[in-house]
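K.L.:
Quick one: the structure is below, and I'll ask about it shortly.
Protein chains in written order, with the working numbering: chain H, 45 to 429; chain W, 160 to 485.
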């Protein structure tokens, strides 16, 4: 009886096209027209500038806790850009740039992170799921969407986002296993940003790569330089084309880095070194793409000002949004409101009316009580004294 | 269709709904070629094929989780969890996502899906094959929680559950799968989700039960009639969430007394909600404290002791007589 090696069906590759210095491997460069390149850059820039603005808004108490994307713009824009509007995008909770690309208005994302569920509602024809907070639990949804698309024989691909931490969760493995067995058109887009809050990748998995996990489920995995928008784009396009052609799922591991905090309630100086951050800042996805576009003479002047103005207008619209009506909390629990919720709604309505009556009778100038600052939030709320 | 047991009645519901609506599909472990370990899906794989009756890999979280994706796309999946004791491996999908999609997406999406599972004891089975966990689901806003008590109600409620735009957790009392046959009409029959059913009219005491405990309550009502000359009213809840508080209160306004029977452990169980709801709706009519007859607050006791743990007619009868004598 021989003892022979069993070859996995697929090998594993690492793809890099545009390095940290902006040097291009022309042989691998995806064929993209100038206006597409510029659009990708603008989207990355918008993601970055909005992120920076959102951190300030959070510190001012104008929005709540949110997970910044700084450093992951190439992984998000390079991948989401290959989808058609009819394809589905399944985000985790850190896909601000990808969501902007898919048409989510900035002010809506601000509402979402200001604690208002209406901000999480995708537009009527938007094939995007709302963000999912529990890690990896959205991945089976993506597989179910892809199964349904295949069942209906519709030309639709699903792209699902998650991070390195998610690959330790049972739902990640269950989703990949189902996707492999069902051979459905789904792309698993892992943004390996090296840290799951304070737990580094080497404590997350003993695997050499995350991409290789696909091999166990019988479909290809690919590792790409996740700070290289051209590599992410090329790999994603290939995976989406495979899915569209009926060749099943792909796992893409974007090797990237979360330059900022996990969420605005996190302090990464407790667990990682400045030196490591500096090293990754050198690989910043925006810098290298800007160098590349400058070399091609494609960069427009005033792009940052345009993007900032767009954000400023959206912040104004967000701040002008009418106050949250508490009574709407009963609106979307069930298709039809059952009697016990009708009674609870009436109870709250009565209390709100009474409170309004009391406020009207209160002496003028009585201040609204200031909310306690959240962890990591300076006490500069507009209500604070 | 004639006289069917609960397994045959559930099978008929699935068959007819799948014939009627191409968006209905089934997924779970062993539901295909094998027809499910209790044979509820028997014959459907042959009739509708493996794309609609999916023998899935063995993973409860992904069974529910992929069904979420299918439902968001517009299909109407019916998941089978082989035993309710295994559902906890998918519970986070039910709690985090199935129950919340309508709210989270502010009405843009909803999860029209059914999660079916056999529950309950009395069949001398293993740990995780005998427990009653309905309270976990009934507690979660956004879910509907249904427990039929016989073949006909099981069939009609399953049809309603599949058509309901909200997610429905559908508990099948496995002790009743083959316990009795009932006339089930050929034509599709539905039963609204929500309303309880007065299974027996009475004026002296209300016995509240659901699932396999309905038969126990019915037996006690007969004994009370024959031996005590007491007319017990039996309320079959059918739906635990949303709870039919009005029917409960109306019954107790008439009888003045109530005994709640369930086979789940007592503390923080359905009985507490039912009793409170009766107090809120009929306090001034109460002639005696509401009694609960339930399993004891212990983990699974093993098949050798389950008879001692499950409520039986003797325990319910004692509670009813004490209530009547109060």
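C-beta: ideal position from N, C-alpha, C; glycine also.
Using a Cβ-Cβ cutoff of less than 7 Å, which residues in the same chain neighbour residue 488 of chain H once the five nearest sequence positions on both sides are dropped?
P.N.:
The structure shown does not extend to residue 488 of chain H, since chain H spans only 45 to 429, so no value can be given for it.
K.L.:
Please list, in chain order, the chain W residues whose beta carbon lies closer than 7 Å to that of residue 214 of chain H.
P.N.:
Residue 214 of chain H sits at position 170 when you count from the first residue of the first chain. What residue 214 of chain H touches in chain W: 220.
K.L.:
State yes or no: is the C-beta of residue 135 of chain H within less than 7 Å of the C-beta of residue 175 of chain H?
P.N.:
For the purposes of this step, residue 135 of chain H is taken as the residue at position 91 of the first chain. For the purposes of this step, residue 175 of chain H is taken as the residue at position 131 of the first chain. Cβ distance < 7 Å, so residue 135 of chain H and residue 175 of chain H count as in contact.
K.L.:
Could you check what DSSP says for residue 196 of chain W in three-state terms: helix, strand or coil?
P.N.:
Within the second chain, residue 196 of chain W is the residue found at index 37, counting from 1. Residue 196 of chain W: coil per DSSP, three-state reduction.
K.L.:
Anything in chain H within Cβ reach of residue 301 of chain W, meaning under 8 Å, just list it in chain order.
P.N.:
On the second chain, position 142 is the one that residue 301 of chain W refers to. 377 and 378, listed in chain order.
K.L.:
For residue 180 of chain H, count neighbouring Cβ atoms within 10 angstroms of its own Cβ and tell me buried if that reaches 16, exposed if not.
P.N.:
In the first chain, the residue the question calls residue 180 of chain H occupies position 136. Answer is buried; the Cβ neighbour count reaches 16.
K.L.:
Helix, strand or coil, according to DSSP, for residue 275 of chain W in the structure here?
P.N.:
Along the second chain, one-based indexing puts residue 275 of chain W at 116. In this structure, residue 275 of chain W counts as strand in the three-state DSSP scheme.
K.L.:
Note the first and the last residue of the continuous alpha helix (DSSP H) segment covering residue 440 of chain H.
P.N.:
Any answer about residue 440 of chain H is impossible in this case: the structure gives chain H only from 45 up to 429.
K.L.:
Strictly below 8 Å CB to CB, what residues from chain H border residue 266 of chain W?
P.N.:
Locating residue 266 of chain W in the second chain gives position 107, where the first residue counts as 1. Here the neighbours are 165, 375 and 376.
K.L.:
May I have the straight-line CA-CA distance separating residue 405 of chain H from residue 369 of chain H, to the nearest angstrom?
P.N.:
Along the first chain, one-based indexing puts residue 405 of chain H at 361. Along the first chain, one-based indexing puts residue 369 of chain H at 325. The straight-line gap from Cα to Cα measures roughly 21 Å.
K.L.:
What residues in its chain sit with their C-beta under 8 Å from that of residue 179 of chain W, if we drop five residues either side in the sequence?
P.N.:
Taking the second chain and counting its residues from 1, one reaches residue 179 of chain W at position 20. 347.
K.L.:
Can you find a C-beta in chain H that's less than 7 Å from the C-beta of residue 216 of chain W?
P.N.:
Residue 216 of chain W sits at position 57 when you count from the first residue of the second chain. True, the Cβ-Cβ gap to chain H drops below 7 Å.
K.L.:
Going along chain H, which residues have a C-beta under 9 Å from residue 234 of chain W?
P.N.:
Residue mapping note: residue 234 of chain W aligns to position 75 of the second chain, counting from 1. Within chain H, the residues near residue 234 of chain W are 188, 191, 192, 195 and 196.
K.L.:
For residue 45 of chain H, does the count of other Cβ atoms within 10 angstroms reach 16, so buried, or fall short, so exposed?
P.N.:
Looking up residue 45 of chain H in the first chain gives position 1. Residue 45 of chain H should be labelled exposed.
K.L.:
If I follow the unbroken alpha helix (DSSP H) through residue 272 of chain H, where does it start and stop?
P.N.:
Sequence index remark: in the first chain, residue 272 of chain H carries index 228 (1-based). Note, residue 272 of chain H: premise wrong, no alpha helix (DSSP H); not H, not E.
K.L.:
Kindly list the residues whose CB is nearer than 6 Å to the CB of residue 213 of chain W, restricted to its own chain and excluding five residues on each side of it in sequence; keep chain order.
P.N.:
On the second chain, residue 213 of chain W is found 54 positions in, with the first residue counted as 1. Within the same chain, residue 213 of chain W has close Cβ partners 186.
K.L.:
According to DSSP, residue 341 of chain W sits in a beta bridge with which residue or residues?
P.N.:
The residue labelled residue 341 of chain W in the question sits at position 182 within the second chain. The partner list for residue 341 of chain W (beta bridge, DSSP) reads W/163.
K.L.:
Cβ of residue 391 of chain H less than 7 Å from any chain W Cβ?
P.N.:
The residue you call residue 391 of chain H lines up with position 347 of the first chain. Residue 391 of chain H does not count as touching chain W.
K.L.:
How should residue 242 of chain H be labelled, buried or exposed, when 16 other C-beta atoms within 10 angstroms of its C-beta is the threshold for buried?
P.N.:
Reading the first chain from its first residue, position 198 is the one you call residue 242 of chain H. Looking at its Cβ environment, which holds fewer than 16 other Cβ atoms inside 10 Å, residue 242 of chain H is exposed.
K.L.:
What's the C-alpha gap between residue 470 of chain W and residue 239 of chain W?
P.N.:
Counting from 1 along the second chain, the entry for residue 470 of chain W is found at position 311. Counting from 1 along the second chain, the entry for residue 239 of chain W is found at position 80. Using only the alpha carbons, I get a separation of about 27 Å.
K.L.:
Helix, strand or coil: how does DSSP classify residue 161 of chain H here?
P.N.:
For the purposes of this step, residue 161 of chain H is taken as the residue at position 117 of the first chain. Correct three-state label for residue 161 of chain H: helix.
K.L.:
Report, in whole angstroms, the separation of the C-beta atoms of residue 227 of chain W and residue 312 of chain H, which I expect to be a contact under 8 Å.
P.N.:
Here residue 227 of chain W is taken as the residue at index 68 of the second chain, counted from 1. Here residue 312 of chain H is taken as the residue at index 268 of the first chain, counted from 1. So it is not a contact: roughly 33 Å between Cβ atoms.
K.L.:
Tell me the residue span of the alpha helix (DSSP H) that contains residue 185 of chain H.
P.N.:
Taking the first chain and counting its residues from 1, the one referred to as residue 185 of chain H is at position 141. Run containing residue 185 of chain H: 183–195, per the alpha helix (DSSP H) assignment.
K.L.:
Ordered along the chain, which non-local residues of its own chain (more than five positions away) have a Cβ less than 6 Å from that of residue 233 of chain H?
P.N.:
Here residue 233 of chain H corresponds to residue number 189 of the first chain, with the count starting at 1. Excluding positions up to five away in sequence, the list reads 123, 203, 205 and 296.
K.L.:
Please report the distance separating the alpha-carbon of residue 352 of chain H from that of residue 101 of chain H.
P.N.:
Counted from its first residue, the first chain places residue 352 of chain H at position 308. Counted from its first residue, the first chain places residue 101 of chain H at position 57. Taking the straight line from one Cα to the other gives about 14 Å.
K.L.:
Looking at the unbroken alpha helix (DSSP H) that takes in residue 184 of chain W, where does it start and where does it end?
P.N.:
Reading the second chain from its first residue, position 25 is the one you call residue 184 of chain W. That residue, residue 184 of chain W, is in no alpha helix (DSSP H); its beta strand (DSSP E) goes 183–187.
K.L.:
Taking 7 Å as the cut-off, decide whether the C-beta atoms of residue 328 of chain W and residue 367 of chain W are in contact.
P.N.:
Residue numbering aside, residue 328 of chain W sits at position 169 when the second chain is read from its first letter. Residue numbering aside, residue 367 of chain W sits at position 208 when the second chain is read from its first letter. The answer is no: Cβ separation not under 7 Å.
K.L.:
For residue 276 of chain W and chain H, any beta-carbon pair shorter than 7 Å?
P.N.:
Here the question's residue 276 of chain W lines up with position 117 in the second chain. No, no contact with chain H.
K.L.:
Anyone know if the C-beta pair for residue 299 of chain H and residue 265 of chain H falls short of 7 Å?
P.N.:
Indexing the first chain from 1 puts residue 299 of chain H at position 255. Indexing the first chain from 1 puts residue 265 of chain H at position 221. Cβ atoms of residue 299 of chain H and residue 265 of chain H: not closer than 7 Å.
K.L.:
Kindly confirm or deny that the segment 424–433 of chain W and the segment 442–454 of chain W touch, where touching means at least three C-beta pairs closer than 8 Å.
P.N.:
Counting Cβ pairs under 8 Å, three or more are found: they touch.
K.L.:
If we define contact as Cβ-Cβ less than 7 Å, is residue 225 of chain H a contact residue for chain W?
P.N.:
Looking up residue 225 of chain H in the first chain gives position 181. Output row for residue 225 of chain H: interface = yes.
K.L.:
At a CB-CB cut-off below 8 Å, which residues of chain H make contact with residue 325 of chain W?
P.N.:
Within the second chain, numbered from 1, the residue matching residue 325 of chain W stands at position 166. Ordered by position in chain H, the residues that pass the 8 Å Cβ test against residue 325 of chain W are 378 and 379.
K.L.:
Can you name the start and end residues of the beta strand (DSSP E) that residue 239 of chain W belongs to?
P.N.:
The sequence position of residue 239 of chain W within the second chain is 80, counting from 1. Per DSSP, residue 239 of chain W belongs to the beta strand (DSSP E) from 235–239.
K.L.:
In or out: residue 435 of chain W buried (at least 16 other Cβ within 10 Å) or exposed?
P.N.:
On the second chain, position 276 is the one that residue 435 of chain W refers to. Residue 435 of chain W comes out exposed.
K.L.:
Per DSSP, what kind of secondary structure is residue 296 of chain H in: helix, strand or coil?
P.N.:
Against the first chain, residue 296 of chain H aligns to sequence position 252. If DSSP states are grouped into helix, strand and coil, residue 296 of chain H belongs with the strands.
K.L.:
Under the assumption that residue 315 of chain W contacts residue 272 of chain W (Cβ atoms under 8 Å), give the Cβ distance between them as a whole number of angstroms.
P.N.:
Counting from one through the second chain, the residue named residue 315 of chain W turns up at place 156. Counting from one through the second chain, the residue named residue 272 of chain W turns up at place 113. That belief does not hold up - the Cβ atoms of residue 315 of chain W and residue 272 of chain W are roughly 19 Å apart, past 8 Å.
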